[in-house]
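Numbering (the numbering used here), first residue to last: 2 to 422.
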C-alpha cells in the first residue's frame, strides 16, 4: 500500500500544502497508530523476552550504509576518482567485512546469518533489493522530470505515475496466490521480464507522448507487483518462531536499503548527466552569442543571464524579455542625440532641426534595437529548446544504462529452489 500509493498521495499533499506538508502529515498518522496500538494490542501482562542489542553491529551497519550512499550521492560532485570517494568506498568495504564478522559471532546478532543458508530466503533478499531499486528509480526521477522539464504541477506528476502504483497494488496479491500454482522461478522471472520491458520502453520512449510512458509505467508496476508478492511468501519460507520474526525483519531492512540505494544511484546518475548537459549547452551558448550583432557589453549580459539560468536557477527556459528594454532604448536615443548635437554645434540649430535630428537618430536606434532583440529572442528560443532536449536526455540516460542490468536480474531466479512436484 505504501509503495503503491505513497508517491500519488505525496504529490497531492505537496500540491496543496507545500513540501513541508509531507512531514506534517505524518504527525496525525503517528498519533492514530499509537492510539490503535493502545486499543488493539494486549500490552498488559505481556510476556517479555530479554535480549541484548547488538550495538556494535548496528554501528557497523550505519557506517557501511552511510559510506556507500554518501559515495554514490556525492560522486558526481567530488569526482568518482577523487580521494574522498575512494576513501568512502574503502570504509564501506572494511565496515561491511567487519559487520559480517560481527554478526557471525554475536550472541544476539542484528541479522541472523543462518537465514542465508536457505536459497529461497537468499534469493528473496537479493531480488527484493534489486527490483526495489529499479521500481523506486522510476518513481523518484520521473515526477521531477514532469514538473521541472515539462512544467506539470506536483499533483499532475503524481497522477502520471499512478498507473505503476495501481498495477503494483493489483498484482502483488494476485502473484502471491499464483505461487501455489506456478513455480517461484517462473513467476519471478515473468515479473522481471515485465520490469525489463518497462525499462526498455523508458529508454526509447518519446517523453512528450504520455501514452508511451504510461505503457512503460504499467509494465514496471505489473512486473514489480508480480515479483514482490511471491518474495513476501518465499522470504518467510518454513520458518517458525524467532527465525520467522528475524526473516521478516531482515527482509524489511533490505527493502529499505533498496529504496535508499535507488535514490542514491539514480539521482547521482542524473546529476552527472545533467552537469554534462549544462556544460554542452554553455559551450553552444557561447558560440551562438558571438553571432549576435551587438556590443560586447550586451553579449556579456546575455551570457551572464544564460549562465545564471543554467547553473544557478537551473531553469530549462530562458527569459523571453528583450535584452534592451524601452527605458534603455530611450536613454540611448537621448545620449546619441546629445552627442551628435555637441559635435555639430547643435546649440545654434533651430528647434525644428533638432527635433528632426532626434527623430532620425531615434529611427536608427529603434531599428538597431529591434534587430538585436530579435536576434536575442531567437537565441533564447534556440537555447531553451537545446536545454530541454539535453535535460530530457539527462533524465532518460539512467534508464538506458539500467536496462541491461534489469535483464541480468533474470539470473537471480536460479538462486531459488526448483519446485518439487
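Note that CB positions come from ideal geometry on N, CA and C, so glycine has one too.
Count the other CB atoms within 10 Å of the CB of residue i; is the residue buried (16 or more) or exposed (fewer)?
| i | result |
| --- | --- |
| residue 412 | exposed |
| residue 381 | buried |
| residue 379 | exposed |
| residue 12 | buried |
| residue 145 | exposed |
| residue 58 | buried |
Going by Cα to Cα distance, which pick from the options is closest to residue i?
| i | options | result |
| --- | --- | --- |
| residue 140 | 125, 419, 66 and 400 | 400 |
| residue 354 | 338, 152, 366 and 293 | 338 |
| residue 217 | 165, 144 and 28 | 165 |
| residue 74 | 304, 370, 271 and 417 | 271 |
| residue 501 | 302, 227, 381 and 333 | The question about residue 501 has no answer here: the residues shown for the chain are numbered 2 through 422. |
| residue 385 | 107, 291 and 285 | 285 |
| residue 154 | 387, 20 and 370 | 20 |
| residue 254 | 302, 352 and 130 | 130 |
| residue 66 | 39, 82 and 99 | 99 |
| residue 391 | 346, 415 and 275 | 275 |
| residue 120 | 150, 287, 387 and 235 | 235 |
| residue 148 | 398, 358, 402 and 389 | 389 |
| residue 90 | 112, 78 and 64 | 64 |
| residue 266 | 97, 403, 94 and 96 | 403 |
| residue 94 | 280, 62, 83 and 122 | 62 |
| residue 215 | 49, 230 and 199 | 199 |
| residue 10 | 55, 35, 158 and 213 | 158 |
| residue 142 | 361, 76 and 269 | 269 |
Could you check what DSSP says for residue i in three-state terms: helix, strand or coil?
| i | result |
| --- | --- |
| residue 141 | helix |
| residue 279 | helix |
| residue 405 | helix |
| residue 152 | coil |
| residue 391 | helix |
| residue 324 | coil |
| residue 85 | helix |
| residue 239 | coil |
| residue 79 | helix |
| residue 418 | coil |
| residue 54 | coil |
| residue 13 | helix |
| residue 123 | helix |
| residue 1 | For residue 1 there is no data in the structure shown, the boundaries of the chain being 2 and 422. |
| residue 20 | coil |
Kindly give me the distance between the Cβ atoms of residue i and residue j, rounded to whole angstroms, as I take these residues to be in contact under 8 Å.
| i | j | result |
| --- | --- | --- |
| residue 195 | residue 188 | Not confirmed; about 11 Å, so no contact. |
| residue 185 | residue 417 | 5 Å |
| residue 134 | residue 263 | 4 Å |
| residue 150 | residue 393 | 6 Å |
| residue 387 | residue 208 | Incorrect: roughly 16 Å between the Cβ atoms, too far for contact. |
| residue 220 | residue 202 | 6 Å |
| residue 53 | residue 8 | Residue 53 to residue 8, Cβ: 39 Å. No contact. |
| residue 290 | residue 303 | 5 Å |
Just to confirm my understanding: we take residue i, look at its own chain, exclude 5 residues before and 5 after, and list those with CB closer than 7 Å. What are they?
| i | result |
| --- | --- |
| residue 408 | 197 |
| residue 15 | 22, 23 and 155 |
| residue 260 | 133 and 137 |
| residue 36 | none |
Under a CB-based cut-off of 8 Å, is residue i close to chain B?
| i | result |
| --- | --- |
| residue 355 | In the structure shown, chain B cannot be found, because there is only a single protein chain. |
For residue i, I'd like the list of residues in its chain whose CB is within less than 8 Å of its CB, leaving aside the five on either flank, ordered along the chain.
| i | result |
| --- | --- |
| residue 373 | 293, 294, 295, 299, 324 and 325 |
| residue 92 | 64 and 68 |
Closer than 6 Å by C-beta to residue i: which residues in its own chain qualify, once you throw out the five before and the five after it? Chain order, please.
| i | result |
| --- | --- |
| residue 333 | 366 |
| residue 223 | 168, 172 and 195 |
| residue 161 | 147 |
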